[in-house]
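K.L.:
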Amino acid sequence: MKTGILVFPGSNCDMDCYHVIKDVLGQKTEYIWHGDKKLDHFDALILPGGFSYGDYLRTGAIARFSPVMDSVIEFADSGKLVIGICNGFQILLESGLLPGAMLRNRDLHFICRYVDLKVENEKTPFTSKLKKGRVLRIPIAHNEGNYFADDETLRKLKNNNQIIFRYCSNPNGSLEDIAGICNERGNVLGMMPHPERCSEALLGSDDGRLIFESMIDWVKKNG
Amino acid sequence: MVKPEVYKELGLTDLEYQRIEKLVGRDPSPTELAMFSVEWSEHCGYSRSRSLLKRLPRKGKYPILVGEDAGGIIVDDLAVVFKMESHNHPSQVEPKQGAATGVGGIIRDIFTTGARPIASLNSLRFGPLKEPFNRYIFSGVIDGIQSYGNCIGVPTVAGEIYFEDAYAGNCLVNAMSIGVCKKSEIARARACGEGNIIIYVGSRTGRDGIGGCSVLASAEFCEGEEKRPTVQIGDPFTEKCLIEATLEALKTGHVVGIKDMGAAGLTCATSEMALAGESGMEVDLSKVPLREEGMEPFEIMMSESQERELVCVKKGKEKEIIDIFKKWGLQAVAIGTVTSDKVLRIRYKGELVVDTKPEDLAKAPIYDLPTKEPGYVKDIRKLDYQSISVPKDLNDALLKLLSSPNIANKSYVYEQYDHMVQTNTAVLPGSDATVLRLKGTGKGIAATTDCNGRYCYVNPHIGAMTAIAEAARNLACVGAEPAGVTDCLNFGNPDKPERYWEFKGCMEGIIEACQSLKIPVVSGNVSFYNESPRGPIYPTPTIGMVGVINDMKHISSAPFKNEGDAIILLGENTSEIGSSEYLKVIHNQVKGDVPSLDLKKEKAVQSVCLEAVQRGLVNSAHDCSDGGLAVTLSECCISGEKTIGAEIKLDSNIRSDALLFGEGQSRIILSCSPANQQKIETLAKKRKVPFKVIGKVGGDCLKINDLINLPIDSVYSSWKSAIPRLMGLI
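From first to last, the protein sequence lines stand for chains A and B. Taking the numbering used here, the leading residue of the first sequence gets 1, the next gets one more, and so forth. Taking the numbering used here, the leading residue of the second sequence gets 224, the next gets one more, and so forth.
1) Along the chain, where does the beta strand (DSSP E) containing residue 338 of chain B start, and where does it finish?
2) Who are the near neighbours of residue 275 of chain B in its chain, counting only those whose CB is closer than 6 Å to its CB and skipping five residues on each side?
3) If you drop the 5 nearest sequence neighbours on each side, which residues of the same chain put their C-beta closer than 6 Å to that of residue 739 of chain B?
4) In the DSSP assignment, the alpha helix (DSSP H) including residue 687 of chain B goes from what residue to what residue?
5) Quick check on the DSSP output: the beta strand (DSSP E) that includes residue 366 of chain B runs from which residue to which?
6) Does DSSP put residue 122 of chain A in a helix, a strand or coil?
7) So, residue 250 of chain B versus residue 293 of chain B, is the Cβ gap smaller than 8 Å?
8) To the nearest whole angstrom, what separates the beta carbons of residue 91 of chain A and residue 46 of chain A, a pair I think is in contact under 8 Å?
9) How big is the Cα-Cα spacing for residue 909 of chain B and residue 817 of chain B?
10) The region 632–649 of chain B: which residues have C-beta closer than 9 Å to a C-beta of chain A, in chain order?
11) Looking at the unbroken alpha helix (DSSP H) that takes in residue 33 of chain A, where does it start and where does it end?
12) With distances taken from CA atoms, which of B/686, B/696 and B/892 is nearest residue 819 of chain B?
13) What is the DSSP secondary structure of residue 833 of chain B, reduced to helix, strand or coil?
14) Does any CB atom of chain A fall closer than 8 Å to the CB of residue 551 of chain B?
15) Does the beta carbon of residue 141 of chain A come closer than 8 Å to any beta carbon on chain B?
16) For the alpha helix (DSSP H) that contains residue 315 of chain B, what are its first and last residues?
17) Report yes if the C-beta distance between residue 618 of chain B and residue 811 of chain B is below 8 Å; otherwise report no.
18) Which residues mark the beginning and the end of the beta strand (DSSP E) in which residue 165 of chain A is found?
19) Kindly list, in the order they appear in chain B, the residues whose Cβ is closer than 9 Å to that of residue 146 of chain A.
20) Is any heavy atom of the ligand COA found at a distance shorter than 7 Å from the C-beta of residue 866 of chain B?
21) Within 10 angstroms of the Cβ of residue 583 of chain B, are there 16 or more other Cβ atoms? Answer buried if so, exposed if not.
22) Spatial neighbours of residue 538 of chain B within its chain, please: CB distance less than 7 Å, with the 5 preceding and 5 following residues excluded, ordered by chain position.
23) Would you please verify whether the beta carbon of residue 13 of chain A is less than 8 Å from any beta carbon of chain B?
24) Using the beta-carbon count (16 or more within 10 Å), is residue 38 of chain A buried or exposed?
25) Below 7 Å CB to CB, which residues in the same chain sit around residue 207 of chain A once its five sequence neighbours on both sides are set aside?
26) Tell me whether residue 142 of chain A sits in a helix, a strand or coil according to DSSP, three-state version.
27) Pull up the distance between the alpha-carbon of residue 470 of chain B and that of residue 631 of chain B, whole angstroms please.
28) Please state the DSSP three-state secondary structure of residue 180 of chain A.
29) Would you mind telling me which residues of chain A sit closer than 9 Å to residue 662 of chain B, beta carbon to beta carbon, in chain order?
30) Which runs of the alpha helix (DSSP H) fall wholly inside the region 9–71 of chain A and span at least 4 residues, in chain order?
31) Can you tell which of B/559, B/535, B/356 and B/487 has its C-alpha closest to the C-alpha of residue 257 of chain B?
32) In chain order, which continuous runs of the alpha helix (DSSP H) of length 4 or greater are located wholly inside the region 575–599 of chain B?
33) What residues in its chain sit with their C-beta under 7 Å from that of residue 169 of chain B, if we drop five residues either side in the sequence?
34) Quick one: measure Cβ to Cβ for residue 995 of chain B and residue 398 of chain B, integer angstroms, because I've assumed they're closer than 8 Å.
35) Taking the DSSP output, what are the residues bridged to residue 345 of chain B?
36) Anyone know if the C-beta pair for residue 640 of chain B and residue 373 of chain B falls short of 8 Å?
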């Protein structure tokens, strides 16, 4: 899987994703600067966590105007894999690749800790190595992870099985415990928890690795 | 002739002014005078502390690195750079920005050495949380640390927080940062090579923070003063870009030297870089990017605007370096050149406003100040044990201690910090020390901060020794060999002999302990004048300590892991209860001398623990400190992912409250599978360390003799809910 990891000024999980994809999983990986445009040679893109442009405005609101984002939208439209993690998820929401919005956490505090995450849909390129109902131990680290969508959007998400992950115990007030969703086609995933932070046993959990391995598997079969 | 009120307002004394006049050989210009005032402030010149700082030990097992801005240790081909710095006064004036810029400043000290910052720690002191103002300072400081630290992507992994009346008018915010780079990539903070270019990078210069170090940090807080304009405002996004741009620029090999513009801003950066490079410098202030019009040259030279640095670049390579900073959206402007005549010449709109030697600016007077034992000392060390009654309900006493904010769980704080970014944190916050792996090496480091201010108040010498001993013990518990210290020395007004006596006592304690345990001091910072109308702070020499883990396969943490494991006490229980958290919380007294400390015994206990962890014999290790044995055992039961009980039998004729809550030093609680018990005992015997199996892990109660019998859930909830409850969240 040839993976491109986007780097916006202020991204800060770009190197963590790079480490997991390249050093832990042995895949070809490159950074993509926010001013770049050419993405066709990649099989998958990661929009990493962090504070793109400082997130001084609404989270992800400035990053969506980055030159690279037009190419990301084209890339997603072509059916290739895009995963947005944390700030990456927020950017996917702002750019319209995924529906809904993020509110501040219920307690108005940044939260960094391990949570339990339930797999809701195993039939996606990101979860094929998981079973529905499986619980993953995975860290969150965000201030705005309180997912919100209007009733109509929520109904569509449910009908199309687009809710991929739910918190077992809701840490931030998100609607229906939603932690991760995909687009209708299933090739774009946004999730608040950080799989790249739990892909090595040394760090306390390697559950996150299954998500990346699912992607690798999918690319092998469909790429 | 400069009028006395002018130099006095800048914080200079008559004698200091005369000295400046003599060095310059004429009346100093207003800009020169301002520069001397900041360079000679305690913050930059260490006038009042240097005579003692010189005596700090510099030798240990690992070669040390003492740089211009930060120090460190060498581990194989890696440099581990670390430093702690105070931002107390700004945080008391404006908690959020004060703390945020404290974090930003220390991180710049690290990455301007060429090391990528891999972790932040912080050691905090506040007044009691029952007072609303203290809650405001506390939550503001936490907010400042989280907003800045989280944004720049450096994990905040460890620290400590204490609440005492002594800090109510003057909080302490000590920020520590650790960075790592190849030994060969260490950058210097110097300017040399005639004709090389001086480049200003980062944020624009504004009027914020003028006199931050000379005025704000060099006087006590008095009633009704307005000091807010001396506090700087942080911009973490710019800092994050500055980290990446700086490290990228250093990789080119074209950078001769680089320095953070922190305290004393351009003054400090220009003069100290020239001095370190044994050169002169020619600077045009008109080229400095400004935030507002009409700034005077002395304001530009003294501004402490954040997220700026000065870079000396090889002639002809300046465009390449400037382009890197521009790529990251940062200002980068050539403002001067290096000269060979060892003189600093600064012009503003054509006019020569500074013409002085950097070496003169570095000649801050050194004071050897008088000391006097404070009146309180003799009385406070006396404690009549008979007057202390043993509580009828020891279960209740234990729960009270666990809910004392000094002991209670701090997850309310550290869960607001991103402590996992960079994916190196192998032992998360909440254990004795945090453990960070060094990617690609199989090795790791551990870090902790430590200081019991109450101990240092009662007995500065032993109190400071204990801070070193305990920090080292914390490291041994996770399996790290103590390798280097950074100290952040927080004290009251040194011009008062009583306060200087406290300072001297603590310094001598640090020196003795570091010599005995063979741990070098590689960097540090002094913060005096921590006094308010409510009095001086407790003397607080915060110790930041870094240890080396040679094999990441064998590390440990505090919580008990398995039912049936044996619980071992290394070291000896004593009847000491002086200065304990127990006396303060249960009997409302700060009384009695601090627990004694025998550094040889301490070293032996640590060695046994370290060896047992390194050989993979233990399943948990936890240092016994605040709150004594009962609190330590409780923490072992409740600080893991799942709580677990324990049954303890102590064979002792020490009175029950001292046995449970006394803070006798040099004790560690281990747990291990019964199969390893014998092997640990052999290790202990070899070093003549008292070893005792005191119980077994398991069940859902904590039982200690017939003294304590509590369901583990209630132990957990007292400890876990105390701080959120005080903050009004539950």
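The beta-carbon is built from N, C-alpha and C at its ideal position, and this holds for glycine as well.
P.N.:
On the basis of the coordinates in this document:
1) It is not in any beta strand (DSSP E) - residue 338 of chain B carries neither H nor E in the DSSP assignment.
2) So the list reads 730, once near-sequence residues are dropped.
3) Result list for residue 739 of chain B: 822, in chain order.
4) From DSSP, the alpha helix (DSSP H) with residue 687 of chain B extends over 683–701.
5) From DSSP, residue 366 of chain B is part of no beta strand (DSSP E) but of the alpha helix (DSSP H) over 355–375.
6) Coil, per DSSP.
7) Not closer than 8 Å, so no.
8) Contact between residue 91 of chain A and residue 46 of chain A fails: their C-beta atoms lie close to 11 Å from each other, not under 8 Å.
9) Taking C-alpha positions only, residue 909 of chain B is separated from residue 817 of chain B by approximately 29 Å.
10) Flagged, chain order: 634, 635, 637, 638, 639, 640, 641, 642, 643, 644, 645, 646, 647, 648 and 649.
11) Residue 33 of chain A -> not in any alpha helix (DSSP H); beta strand (DSSP E) instead, spanning 29–33.
12) Of the listed residues, the one whose Cα sits closest to residue 819 of chain B is B/686.
13) Correct three-state label for residue 833 of chain B: helix.
14) True, the Cβ-Cβ gap to chain A drops below 8 Å.
15) It does; some Cβ of chain B falls within 8 Å.
16) Counting along the chain, residue 315 of chain B sits inside the alpha helix (DSSP H) bounded by residues 311–316.
17) No. Outside cutoff.
18) Residue range 163–167 is occupied by the beta strand (DSSP E) that includes residue 165 of chain A.
19) Neighbours of residue 146 of chain A in chain B, taken as residues at a C-beta separation under 9 Å, are lacking, since the least C-beta distance is about 16 Å.
20) What this structure holds is no ligand at all, so the ligand COA is not there to describe.
21) Flag for residue 583 of chain B reads buried.
22) Once the five neighbours on either side are set aside, the close Cβ partners of residue 538 of chain B are 418, 419 and 420.
23) Residue 13 of chain A counts as touching chain B.
24) Label assigned to residue 38 of chain A: exposed.
25) Excluding sequence neighbours, residue 207 of chain A sits near 136, 137, 138 and 198.
26) Judged by DSSP in its simplified three-state form, residue 142 of chain A adopts strand.
27) The C-alpha of residue 470 of chain B lies about 40 Å from the C-alpha of residue 631 of chain B.
28) Secondary structure at residue 180 of chain A: strand, using DSSP grouped into helix, strand and coil.
29) Within 9 Å Cβ-Cβ: 19 and 23.
30) Listed in chain order, the alpha helix (DSSP H) elements of length 4 or more contained wholly in the region 9–71 of chain A are 14–18.
31) For residue 257 of chain B, the nearest C-alpha among the options comes from B/487.
32) With a minimum length of 4 residues, the continuous alpha helix (DSSP H) runs that stay inside the region 575–599 of chain B are 581–584.
33) As displayed, chain B neither begins before 224 nor continues past 953, which places residue 169 of chain B out of reach and without an answer.
34) One cannot answer for residue 995 of chain B here, as it falls past the ends of chain B, which runs 224 to 953.
35) Answer by DSSP bridge pairing, in chain order: B/382 and B/398.
36) Yes.
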